[in-house]
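> Start counting the sequence shown at 0; every next residue gets the next number (numbering that gives the first Met the number 0). We treat Cβ as the ideally placed atom computed from N, Cα and C, and that holds for glycine. For clarity, every value in this text was computed on a predicted model and none was experimentally measured. Below is one structure. I have some questions about it.
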Amino acid sequence: MKRRGFFITGTDTNIGKTWATVALMRKFRQLGHTVAGMKPVASGCEWRDGRLMNQDALLIQENAFPALAYEQINPYAFEPAVSPHLACAGAEVSVEAILVAYDSLQAQAETVLVEGAGGWLSPLSLTLDNAGLAGALQIPVLLVVGMRLGCINQARLSYQAIRHSGVACAGWIAAGIDPDMQQAAACVDFLQDHLDMPLLAVLPHSPAADFDLLAAKFKCLEFLI
Ligand SMILES: Nc1ncnc2c1ncn2[C@@H]1O[C@H](COP(=O)(O)OP(=O)(O)O)[C@@H](O)[C@H]1O
Ligand SMILES: [Mg+2]
């Protein structure tokens, strides 16, 4: 069985990383593949069943096949809804522990999608950021671009920073977060010309959170499979 993993980063926080991750998980499942997801570090968590849990991780857990234990998906859950380097209140975030959790997911599923927190240079602890974790995992990146005014600059900066980190870029995804964005298609075209990696999907605005509809938008996955 071929094993592969991708690190999902984005142009910002709240721009569609989790929804793109879930849509891609559905796509892999529709193709008959096993798929796991991971949110290694999360802030803004709530107490449930005696432990802190995060909405992104729960959505990922719901969409994984085969089923996964919560702690494998989200080894670090912090309660305050602030940047993880503050939310962790000095607690250590161990890259080694995340790598162990990742390896265990990779043993259970052909594809593992790892969602970062915030954007590429956002911190995950006092000593770790998204770029450092993706480098340690040694997996290529998928960049989610939240389509809204200003996203071209954010997307190009993110792309340059990812390349500067020495991590491979496997592709990008346009996420339709703003139903009122003007000239969105023209901005996608511009980014296609200025980002040197394939566009994997243009995800439309789906107020109903129809992840199967979003999954159907991934057309060019041959090189990922
Ligand atoms: N394709 C989409 N269609 C409609 N709304 C979306 C879409 N993608 C994201 N959103 C909205 O944006 C919010 C943030 O998306 P999310 O994937 O959680 O972002 P991130 O993981 O980057 O923080 C979602 O809760 C949803 O309201
Ligand atoms: Mg998210």
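#1: Starting from MET24, trace the alpha helix (DSSP H) both ways and give me its first and last residue.
#2: Tell me, please, whether the segment 36-55 touches the segment 194-204 by the rule of three or more beta-carbon pairs shorter than 8 Å.
#3: Report yes if the C-beta distance between ILE151 and TRP119 is below 8 Å; otherwise report no.
#4: Taking only the alpha-carbon atoms, compute the straight-line gap between ALA184 and LEU104 and give it to the nearest angstrom.
#5: Return the first residue and the last residue of the alpha helix (DSSP H) that GLU61 is part of.
#6: Output the boundary residues of the beta strand (DSSP E) element that contains ILE7.
#7: What residue range is occupied by the uninterrupted alpha helix (DSSP H) comprising VAL94?
#8: What do you get for GLY145, buried or exposed, if any count of 16 or more other CB atoms within 10 angstroms of its CB means buried?
#9: Helix, strand or coil for GLU114 per DSSP?
#10: Tell me which residue opens and which closes the alpha helix (DSSP H) that VAL264 is part of.
#11: How would you label ARG47, buried or exposed, when you count the other beta carbons within 10 angstroms and need 16 or more for buried?
#12: Can you list, in chain order, the residues of its chain with a C-beta nearer than 7 Å to that of LEU127? Leave out the 5 residues immediately preceding and following it.
#13: Quick check: is any heavy atom of ligand 1 less than 7 Å from the C-beta of THR12?
#14: With distances taken from CA atoms, which of THR10, ASN13 and ARG25 is nearest PHE217?
Straight from the coordinates:
#1: 16-29
#2: no
#3: For ILE151 and TRP119, no; Cβs fall outside 8 Å.
#4: The straight-line gap from Cα to Cα measures roughly 36 Å.
#5: 54-62
#6: 3-9
#7: 94-107
#8: buried
#9: strand
#10: In this structure the chain extends from 0 to 224, so residue 264 is not present and cannot be described.
#11: exposed
#12: VAL92 and VAL94
#13: Within the cutoff, so yes.
#14: ARG25
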